[in-house]
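Report on the structure given below.
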Amino acid sequence: MGALMWIEVISHHGDVATRHAVEHEEARIGRAFDNDIVVDDAHVAPHHLRIYRGEDGELVAEDLQTLNGLYPEHGAHRVARLSLAREPGFRIGRTTLRVRDARHPVAPEKLLTPPRKHAQWAGLLGGILLALLLALQWLNLTTQPNASAIFLPLLGFVTALAVWTLFWAILSRIFFGQAQFALMLRIAVTACIALVLWDQLTETASFSLAWREARDYSGLGAWALLGAACYGHLHAIGPRHMRAAMTLVVVLVIAGAAVQYFGRSETRRIIGQRASLGELRPPAFRAVPLATADQFFAKAENAKARVDLARTKEPSSGLFGDMDPFD
């Protein structure tokens, strides 16, 4: 006769610590040694609960009138009985268990990528990233080229990337049991390439379309990419409370983006727009035609009229108090 049910004891990291096969129609769980599953938890009663099949044939957990009771795995309210058909997990004391029968479907096996493969991809992507950064660093030079001006910023960037990767590798070692440094480096380098490409895309759009906001608020997309990178790291670690961890990451990313957005808006309101659209690009990149001389002088007259009108008004208090930021 095959096993009627499998009872799993879940570790604090969310992994299966032990798995027990029970071939009886009913399973009893508690601290006493006459139970089918013995749980070493001081907050679990000697005979805490029983697992049986209901009239519909589905597994049910029933509390045996204990002091600390029975709770769904992700629930906060005590229950006397709990159907395990949809949610097979539950908590007793400080212990989480899951019950499955032989009919429970399992997901197909995942493709195993060896650490060496992750390291190869990380090395390839790292080379692409360094080439991009070197090219951009050289193009943005406004002084005589020298090794310090080109390589020192890259050294700082590589150091920051290594610290970021090491941080996630340590978390992976704590929660997953393996550092997965090569995988964490691959995720981090991929995110950096996406950030560099996003930065260049917004700079080019700002220049090509004379679209100042594309550059002013490009940080919002950068925050979104940061959140995606954090999700990639957390998914690789697979912590027990993945939903709570990602909720925290999303809240932090939204908060950072909001602070940047409203800070930039307030700066523009008080000081005004910056004079340039951002980094210069070749003239061929310009998609919007240049303004004619008449359009330029018309805009200058409008600006002069606004300035003349502003001189007749009392200065408003704000970031600079009563001081006129244009004086």
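If you're matching positions, the sequence shown starts at 1150 in this note's numbering and goes up one per residue. Beta carbons: idealized from backbone N, C-alpha and C, even for Gly.
- With a threshold of 16 other beta carbon atoms within 10 Å, W1287 falls short and is exposed.
- In this chain, H1169 is not harboured by any alpha helix (DSSP H); it is covered by the beta strand (DSSP E) spanning 1165-1171.
- Residue pairing for T1244: DSSP places it in a beta bridge opposite I1241.
- Within the same chain, and ignoring the five residues on either side of W1360 in sequence, the residues whose Cβ sits closer than 7 angstroms to its Cβ are A1354.
- F1182 and A1210 do not touch by the CB rule: their CB atoms are close to 21 angstroms apart, not below 8 angstroms.
- Here the alpha carbon of L1285 sits roughly 12 angstroms from the alpha carbon of F1300.
- Of the candidates Q1214, S1321, A1170, G1242, the residue whose Cα lies closest to the Cα of V1248 is A1170.
- Under the three-state reduction of DSSP, W1155 is assigned to strand.
- Taking 8 angstroms as the cut-off, the Cβ atoms of V1338 and L1278 count as close.
- Here A1343 really is in contact with L1374; their C-beta atoms are around 5 angstroms apart, less than 8 angstroms.
- Per DSSP, the beta-bridge partners of Y1201 are V1209.
- Cβ-Cβ separation between G1368 and V1399: approximately 17 angstroms, too far for a contact (criterion under 8 angstroms).
- Only residues of its own chain outside the window of five on either side were considered, and among them D1212, R1227 have a CB closer than 6 angstroms to the CB of G1218, listed in chain order.
- Of the residues assessed, A1280 falls on the exposed side of the cut-off, its CB having fewer than 16 other CB atoms within 10 angstroms.
- Taking all protein chains in view, the Cβ of T1441 is surrounded by fewer than 16 other Cβ atoms within 10 Å, so the residue is classified as exposed.
- In chain order, I1178, G1179, L1213, T1215, I1241 place their CB closer than 7 angstroms to the CB of H1197, counting only its own chain and leaving out the 5 sequence neighbours on each side.
- At the C-beta level, R1199 and E1175 come within 8 angstroms of one another.
- DSSP places P1302 within a helical segment (H, G or I) once states are collapsed to three.
- A Cβ-Cβ distance of about 7 angstroms is found for the pair L1208 and M1154, placing them in contact under the 8 angstroms criterion.
- Taking a contact as a CB-CB distance under 8 angstroms, the pair C1341 and L1310 counts as one, their CB atoms being some 7 angstroms apart.
- Excluding five sequence positions before and after R1243, the CB atoms of its chain that fall closer than 6 angstroms to its own CB belong to D1190, H1192, given in chain order.
- Apart from the 5 residues on each side of it in sequence, I1336 sits with its Cβ closer than 7 angstroms to the Cβ of A1378, G1381, H1382, A1385 in its chain, given in chain order.
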